[in-house]
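The working numbering runs 6 ahead of the 1-based position in the sequence shown.
What follows is one structure encoded as structure tokens, with my remarks underneath.
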Amino acid sequence: MTAEPLSAPQACEETEPTPQRMRGVMGSFASGVTVVTGMSREGDPVGFACQSFASVSLEPALVLFCADHRGRAWPRIRESGRFAVNILAEEQTDLCGRFGSGKGRKYEGLDWEVSRWGTPSLPGVLTRVHADVYEVHGAGDHDVVVGRVVALETVTDRRPMLFFRGGFGVGSPAVAPDPWGWGDHWG
Numbered sequence: 007m008t009a010e011p012l013s014a015p016q017a018c019e020e021t022e023p024t025p026q027r028m029r030g031v032m033g034s035f036a037s038g039v040t041v042v043t044g045m046s047r048e049g050d051p052v053g054f055a056c057q058s059f060a061s062v063s064l065e066p067a068l069v070l071f072c073a074d075h076r077g078r079a080w081p082r083i084r085e086s087g088r089f090a091v092n093i094l095a096e097e098q099t100d101l102c103g104r105f106g107s108g109k110g111r112k113y114e115g116l117d118w119e120v121s122r123w124g125t126p127s128l129p130g131v132l133t134r135v136h137a138d139v140y141e142v143h144g145a146g147d148h149d150v151v152v153g154r155v156v157a158l159e160t161v162t163d164r165r166p167m168l169f170f171r172g173g174f175g176v177g178s179p180a181v182a183p184d185p186w187g188w189g190d191h192w193g
């Protein structure tokens with residue numbers, strides 16, 4: 007049994023890895039969507055949408071995410087030393103858009119709470135992973151951030167948000183994100 011393609015196959019093409027080509031090719035890898043949150047040293051909540059998130063180790067419990075050096079939230083989270091990864095549910099495109107954009111106040115009008123670990127907890131997410139910054143490795147225009155997990159929190163049991171080929175979901179057609187998308191530099 008063979009799987010049906012989601013769109014007409016393109017001719018095999020080998021090209022240099024320009025940023026645009028890299029974005030297009032890597033978009034073929036479906037990934038979950040998260041919002042990484044933390045508190046600044048001044049006590050302000052910060053966060054950014056992030057699709058580069060993975061489990062690293064079970065013992066010790068480690069996770070990783072990749073954050074853009076140019077972002078405003080990640081340097082502030084790094085200073086605080088603690089973060090939460092809020093794993094988004096399928097219908098939470100509003101949260102994704104809010105935290106995927108550099109425009110506007112991300113927490114304004116949002117019903118969120120400070121967790122007992124001192125990080126912002128977003129409403130209605132699937133899961134939260136609370137962690138301390140363990141290691142940070144510079145890699146091109148991003149940091150690879152390894153976090154030591156301090157707690158895992160299951161919130162709801164719904165379908166996850168997936169990002170694939172520039173849109174949400176893997177069905178046809180994918181729902182394209184608002185203009186914030188890739189051009190606004192997700193974490």
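C-beta atoms are modelled at their ideal positions from N, C-alpha and C, and glycine is treated no differently.
Model, not experiment: these values are computed from the prediction.
Next item on the list: Provide the residue span of the beta strand (DSSP E) that contains Ser-63, from first to last.
Entry: 59-63
Item checked: Coil, strand or helix - Gly-195 by DSSP -> Residue 195 lies beyond the residue range present for the chain, which begins at 7 and ends at 193; the question has no answer from this structure.
Notebook entry, point to check: Helix, strand or coil for Gly-53 per DSSP?
Noted result: strand
Next item on the list: Using DSSP bridges, identify the partner residues of Glu-159.
Entry: Arg-134
Checklist line | Through-space distance from Gly-38 to Leu-94, alpha-carbon basis | finding: 8 Å
Next item on the list: Reducing DSSP to helix, strand and coil, say where Thr-24 ends up.
Entry: coil
Next item on the list: Please report how far the alpha carbon of Leu-70 lies from the alpha carbon of Gly-30, in whole angstroms.
Entry: 23 Å
Notebook entry, point to check: Can Val-152 and Leu-68 be called in contact, C-beta distance under 9 Å?
Noted result: yes
Notebook entry, point to check: Which stretch, first to last residue, makes up the beta strand (DSSP E) that contains Arg-88?
Noted result: 88-93
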